[in-house]
Amino acid sequence: MNRCRNWRAAAAIAVAVSSWTGASALSQHKHVSDEELLNLLKDAAPASVFAGATVLNMAPDGTMKVVREGNNGWTCMDPSGTDPMCADAGGMEWGKAYMTKGPAPQRLGFIYMLRGDNGASNTDPYATGETPDNNWIKTGSHVMIVGAEAKSMIQSYPRSPKADPTKPYVMWAGTPYEHLMLPVK
Ligand SMILES: [Cu+2]
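Here it is as structure tokens:
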């Protein structure tokens, strides 16, 4: 193992996630202890994925801290305190692009959210709560396919603002961050 490379990888992840979870998410972030976080995350992905994943927690001051260094390329975190997830490298790039309002990354990514989410607007990626017209939707156990490379696949799924979260659907359709939501239960 190359220590220097590991350190750089961890730093890159921390930077990616602190921008991912900055701004809007930070203002409503619910801080959880490392122990609570590990408990929430352990059912967010298959056990074998979680076992080798890097775990990040957000400190009360908004900085990201590495709770556990992983070795399988996956990163688990809970950006809002209520949405535990595990992302591969492409998933992390996408999350960073979303939070920094940057262009959608080309790279295909995958994110597990097997505990479901706490609700999101299906039409406004930056909504922080339900309003009468922002198509709020809550999805149970699911996985997400993200990144511009997924575009041709995503096109064949429903992209209505009023989605049925029990079936595959496109979230944030027409934005650079549109992605496929695939319920798994
Ligand atoms: Cu999700």
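Under mature numbering (1 follows the signal peptide of the UniProt record, and there is no 0), read the sequence shown as residues -25 to -1, 1 to 160, first letter to last. C-beta atoms are modelled at their ideal positions from N, C-alpha and C, and glycine is treated no differently.
Just to confirm my understanding: we take residue i, look at its own chain, exclude 5 residues before and 5 after, and list those with CB closer than 8 Å. What are they?
{"i": "I112", "result": "G94, A95, S96, N97, A138, P140, M146"}
{"i": "G105", "result": "Correcting the residue type first, residue 105 is Glu in the shown sequence and not Gly. Counting only Cβ-Cβ distances below 8 Å, and skipping sequence neighbours, we find G94, S96, W111."}
{"i": "G149", "result": "R134"}
{"i": "A72", "result": "P78, A79, P80, P151, Y152"}
{"i": "V24", "result": "N47, W49, C61, Y87"}
According to DSSP, what are the bridge partners of residue i?
{"i": "V145", "result": "L155"}
{"i": "G84", "result": "V121"}
{"i": "M33", "result": "M39"}
{"i": "I112", "result": "A95"}
{"i": "M128", "result": "Answer is none; M128 lacks a bridge partner."}
{"i": "A62", "result": "T50, I86"}
Quick check on this structure: which residue in the options has the alpha carbon closest to the alpha carbon of residue i?
{"i": "G65", "options": "A125, P158, H117", "result": "A125"}
{"i": "P54", "options": "S23, L15, R82, A22", "result": "L15"}
{"i": "Q130", "options": "M119, H154, D108", "result": "H154"}
{"i": "W49", "options": "T38, M67, S127", "result": "M67"}
Between the C-alpha atoms of residue i and residue j, what's the straight-line distance to the nearest angstrom?
{"i": "N32", "j": "P100", "result": "22 Å"}
{"i": "P80", "j": "A20", "result": "23 Å"}
{"i": "D18", "j": "H6", "result": "19 Å"}
{"i": "K76", "j": "P143", "result": "25 Å"}
{"i": "T57", "j": "I86", "result": "15 Å"}
Could you pull out every residue in the same chain whose Cβ sits closer than 7 Å to the Cβ of residue i, ignoring the five residues on either side in sequence?
{"i": "T114", "result": "G91, D92, P140, M156, P158"}
{"i": "S(-2)", "result": "Note on S(-2): pLDDT 44, under 50, position unreliable in the model; the coordinate value appears next. Correct list, in chain order: Y101, T103."}
Near residue i, which residues of its chain fall below 6 Å by C-beta distance, leaving aside the five closest residues on each side in sequence?
{"i": "K40", "result": "N32, A34"}
{"i": "W69", "result": "P80, G84, V121, G122"}
{"i": "M88", "result": "M60, H117"}
{"i": "V30", "result": "V42, R43, C51"}
{"i": "P136", "result": "N97, T98, N110"}
{"i": "N46", "result": "G27"}
{"i": "D9", "result": "N32, V42"}
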